[in-house]
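For the sequence shown, the residue numbers in my numbering are 45 to 275.
C-beta: ideal position from N, C-alpha, C; glycine also.
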Amino acid sequence: MLSFRLKSFSARIFSMEEKRRWMVEKIRVDYGFDASLVLEILQKVPRHKFLQKKYWKNAYDDAPVSIGFGQTMSQPYTVAFMTYLISRKSHVGKASRGKVLEIGTGSGYQAVVLSYFFDEVYTVEIIPELAEKAKNTLKKLNYENVFVRTGSGEWGWKDKGPFDAIMITAGIEKVPGELFNQLKVGGVLVAPVGEGEKVMTRFTKLKKLGKKEIKVEEFGKFNFVPFVKHD
45 MLSFRLKSFS ARIFSMEEKR RWMVEKIRVD YGFDASLVLE ILQKVPRHKF LQKKYWKNAY
105 DDAPVSIGFG QTMSQPYTVA FMTYLISRKS HVGKASRGKV LEIGTGSGYQ AVVLSYFFDE
165 VYTVEIIPEL AEKAKNTLKK LNYENVFVRT GSGEWGWKDK GPFDAIMITA GIEKVPGELF
225 NQLKVGGVLV APVGEGEKVM TRFTKLKKLG KKEIKVEEFG KFNFVPFVKH D
């Protein structure tokens, strides 16, 4: 009887909520990541709902997950870290507000995480099928402050700008100048930048003595799928 009970326990299927809690704890412990509000939001958002059911078993692993078309959903730690960098007040328990532009919608998961920190999230996806899937997921989950459009991210979303923050979710060699044009003074742009290996970089748009300047901060190397643009 005892061995049967142990076997039953070991075969138990854990709920998605439990797996999500373990994912958050792993980020906290393994990376020493203590931005409490970011972790709180990751605990809330059902990451698996942004994936095909066949990938649900991998949804809360600390690894990228395929979403088709040669694209992936970023690993949870990357989502947490980029969110922390772009919502600078998150580490003191206060959310940023205003508007954010995301380049590379993918599944829509990162955009939803951002929706807890900004009043409005505008996100651009170059692959029409992914954009449509993301729209449908957002509608099903009732996220009403996230707006998706199909287009080439290098041009941003000019008629909705200027933005308080911009996030690029694919590896890019150089940030397009048009995106800086759509960023408010005092705003931040977060992107994995560089030739070959990408370095997570935060750009802050400043204005000194009447001239615009860009402050650059680097935060280490990350792996990303490449930025896609129209030829």
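Residue i, enclosing alpha helix (DSSP H) - first and last residue
i	result
residue 74	60 to 75
residue 236	Unbroken run through residue 236 is the beta strand (DSSP E), 227 to 237; no alpha helix (DSSP H).
residue 181	172 to 184
For residue i, the nearest candidate out of the options (CA to CA)
i	options	result
residue 248	152, 149, 129	129
residue 59	80, 94, 104	104
residue 122	64, 77, 197	77
residue 165	180, 72, 209, 73	209
residue 178	268, 87, 65, 96	96
residue 216	207, 264, 198, 106	198
residue 226	214, 200, 106, 71	200
residue 106	71, 84, 85	71
residue 144	207, 68, 241	207
residue 85	148, 142, 124, 241	124
residue 88	182, 203, 68, 259	68
residue 241	264, 232, 231	264
residue 202	218, 232, 167	167
residue 93	245, 180, 169	180
residue 82	154, 163, 170	154
residue 163	75, 131, 152, 61	131
residue 170	152, 62, 148	148
Three-way DSSP call (helix, strand, coil) for residue i in this model
i	result
residue 85	helix
residue 265	strand
residue 162	coil
residue 218	coil
residue 250	strand
residue 137	Below a pLDDT of 50, predicted positions are generally treated as unreliable, and residue 137, at 43, falls in that range; no measurement from the model is reported.
residue 119	coil
residue 79	coil
residue 51	Since pLDDT at residue 51 reaches only 44, below the 50 mark, its modelled position is unreliable, and the value read off the structure follows with that caveat. Here residue 51 sits in helix by DSSP.
Through-space distance from residue j to residue i, alpha-carbon basis
i	j	result
residue 257	residue 99	44 Å
residue 150	residue 243	20 Å
residue 91	residue 205	28 Å
residue 146	residue 156	11 Å
residue 234	residue 192	19 Å
residue 239	residue 126	19 Å
residue 266	residue 159	23 Å
residue 262	residue 115	25 Å
residue 102	residue 80	24 Å
residue 236	residue 184	30 Å
residue 229	residue 119	31 Å
residue 260	residue 194	29 Å
residue 141	residue 213	20 Å
residue 245	residue 231	14 Å
residue 64	residue 196	33 Å
residue 268	residue 117	10 Å
residue 182	residue 250	34 Å
Limits of the beta strand (DSSP E) - the one that residue i falls within
i	result
residue 43	This structure cannot settle anything about residue 43, because the visible part of the chain is limited to 45 through 275.
residue 193	190 to 194
residue 200	Unbroken run through residue 200: none, as it is neither H nor E.
residue 209	207 to 212
residue 114	No beta strand (DSSP E) contains residue 114, which DSSP labels as neither H nor E.
Distance cut-off 8 Å: residue i Cβ against heavy atoms of the ligand MN
i	result
residue 212	The model on display carries no ligand, and the ligand MN is accordingly not part of it.
Inset, instruction - Indicate whether the contact test is met: 3 or more Cβ pairs, each with one atom in the segment 219 to 232 and one in the segment 171 to 191, closer than 8 Å. - result: no
Inset, instruction - Evaluate contact between the segment 172 to 184 and the segment 111 to 118, counting only Cβ atoms and requiring at least three cross-stretch pairs below 8 Å. - result: yes
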